[in-house]
Amino acid sequence: MPYDAGLNFNYIAPTRIIFGEGSISELPMEVRALGDKAFLVTDPGLIETGLVEQVKRKLGDFLAGVYSDVPQDSGMEIVDKGAELALSAGADVIVSLGGGSVIDTAKGICIVLKEGGSLRDFQGMQMLTQLQTPHIVIPTTAGTGSEVTSGAVVLDRDQGQKIIIFEYFNTPRVAILDPHMTENLPAHLTASTGMDALTHAVESYVVQARNPISDSAALHAIKLIVKHLPLAVANGADLVARGQMQIAALLAGWAFSNAMVGLVHAMAHSLGAVCRIPHGLANGILLPHVMRYNLDEIPDLTADIAEAMGVAAIDMDISAKAMAAADKMDAFAQSVGLDQRLKDFNVTEEQLKECAELSMSDGSIIYNPKIVMDAEAVLSIYRTAY
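Under our numbering, the first residue of the sequence shown carries the number 16, and numbering increases by one thereafter.
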């Protein structure tokens, strides 16, 4: 969106943010302000870390039940089962503890618990007319930004496609960002979720629906990630780096929730649905290649990204800066240990063709700054990332 006399936009950021080491202690007070019975949504891996037990102790008598069966790529049936359990428990507040899959599952549960039926009834955008079940998010990764976004991505196994549900009425009420909650995240997951946040920031800065507020959040997120992600990967106990990455993911989440994302996400969603490649890894692999694809359409914006990444020399022209940004993205991913290509996941040519077709029907693709004419263009990018 050009910054001219025709500029107009809506910006929504309703989530209350509680940040700081030990901020998990605020959980009981936040539950009390929203309801009486909290239903905790999480995953099996977090039970093993002891974080689930810690949150259960904080909830105390507010705890109505726990649902810990959320997989990496959560599906419609997972949401519906969780909503059924939450209803049986008499829950009036949902608390999610986990990464993007857990948070998005909880968002779906909030809808079904309030509206009834199945999550299948609410596929699409802006189908709700009232505030949904209150949702408190405790992220254990710094990547998706889902703690502040209106959207949820859930796998429809029947269609073999990830479905985007985008509802302003379902934005989480509270996000508790305690760096200790991400302290035990393994280095490879720290890196891949961090690349997810970086992709959100980069795409939200260049898409057609960008605006001045989302731009400022996106650029600052890029600066924070470039500085702090390598530190968090190298030393998981670095709580300053962990906290700054949480802030970066939050800023990137605000940015893309209001400005949207583009072709990288359309392609990554398809890789997740067809090839089960984790979302952050898919983003990290694809981002430099999509940046080069978009370059001729937005050299000035890509040059801004180079500035934010610290790779724009004074004597460079805009085109050189833009290319430096894409090259730096490649090098940055490798510097945090993400040097995979699609061939490392045993992706076949037929799967790439299927993913290319799926990407053309993904809602994110329409916001890409460069129009994607056909599936062949998408397939060409997949091949360069192979």
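We treat Cβ as the ideally placed atom computed from N, Cα and C, and that holds for glycine.
Glu36 places its beta carbon 8 Å or farther from that of Asp171. Bridge partners of Gln138 according to DSSP: none are assigned.
Here Arg31 carries a strand assignment [DSSP, helix/strand/coil]. Fewer than three beta-carbon pairs drawn from the stretch 176-196 and the stretch 307-314 are found closer than 8 Å, and the two stretches are therefore not classed as touching. With respect to Gly115, Ser161 sits close: the two C-beta atoms are nearer than 8 Å. Taking 8 Å as the cut-off, the beta carbon of Val67 is found closer than this to the beta carbon of Leu61. Here DSSP, grouped into helix, strand and coil, assigns Leu170 to strand.
Proximity to Leu239 across Thr197, Asn273, Gly175 and Ile320 peaks at Ile320, based on C-alpha coordinates. Within the DSSP bridge table, the entry for His150 names Ile109 as partners.
Distance between Asp58 and Ala98, taken at the CA atoms: about 15 Å. Nearest C-alpha to Val289 among Val362, Val70, Val217 and Glu130: Val362. The way I'd put it, the stretch 117-135 does touch the stretch 144-151; three or more beta-carbon pairs between them come closer than 8 Å. When Cβ pairs closer than 8 Å are counted between the two stretches, the stretch 268-286 is seen to touch the stretch 376-396, the count reaching three or more. Judged by DSSP in its simplified three-state form, Ala79 adopts strand.
For Asn383 and Ser111, the gap between their C-alpha atoms comes out near 31 Å. With distances taken between CA atoms, Thr64 lies nearest to Pro201 out of Glu130, Glu45, Val163 and Pro201.
With respect to Ile300, Arg356 sits close: the two C-beta atoms are nearer than 8 Å. Taking the CA atoms as reference points, Gln138 sits about 11 Å from Lys177.
Contact annotation: Ala101 and Phe77 have beta-carbon atoms that are not nearer than 8 Å. The secondary-structure analysis by DSSP pairs Ile191 across a beta bridge with Ile33. A direct Cα-Cα distance of roughly 30 Å separates Asn185 from Ala256. Of the candidates Asp51, Gln87, Leu367 and Ser272, Asp51 places its Cα closest to the Cα of Gly80. Going by beta carbons, Tyr397 and Pro227 fall outside the 8 Å limit. The criterion of a C-beta distance shorter than 8 Å is not satisfied by Lys336 and Ala348. The Cβ neighbour count for Ile27, taken over all protein chains shown within 10 Å, is under 16; the residue is labelled exposed.
Met306 sits away from Met275, with the two beta carbons spaced by 8 Å or more.
Under the three-state reduction of DSSP, Val56 is assigned to strand.
Under DSSP, Phe181 forms a beta bridge with Met140 and Gly166. Residue nearest to Leu204 within the set Ile153, Gly158, Leu134 and Lys368 is Gly158 (criterion: CA-CA distance). At the C-beta level, Ala167 and Ala212 stay beyond 8 Å of one another. The Cβ neighbour count for Asn23, taken over all protein chains shown within 10 Å, is under 16; the residue is labelled exposed.
Closest by C-alpha distance to Ser165, out of Ile153, Thr156 and Lys122, is Lys122.
Shown here for Leu254: same chain residues with a beta carbon closer than 8 Å to its own, the five before and five after excluded, namely Glu36, Pro194, His195 and Glu198 in chain order. Shown here for Val108: same chain residues with a beta carbon closer than 6 Å to its own, the five before and five after excluded, namely Val46, Leu49, Gly50, Ala53 and Pro149 in chain order.
For Glu365 and Ser374, the gap between their C-alpha atoms comes out near 14 Å. Note that the C-beta distance between Ala341 and Ala270 is not below 8 Å.
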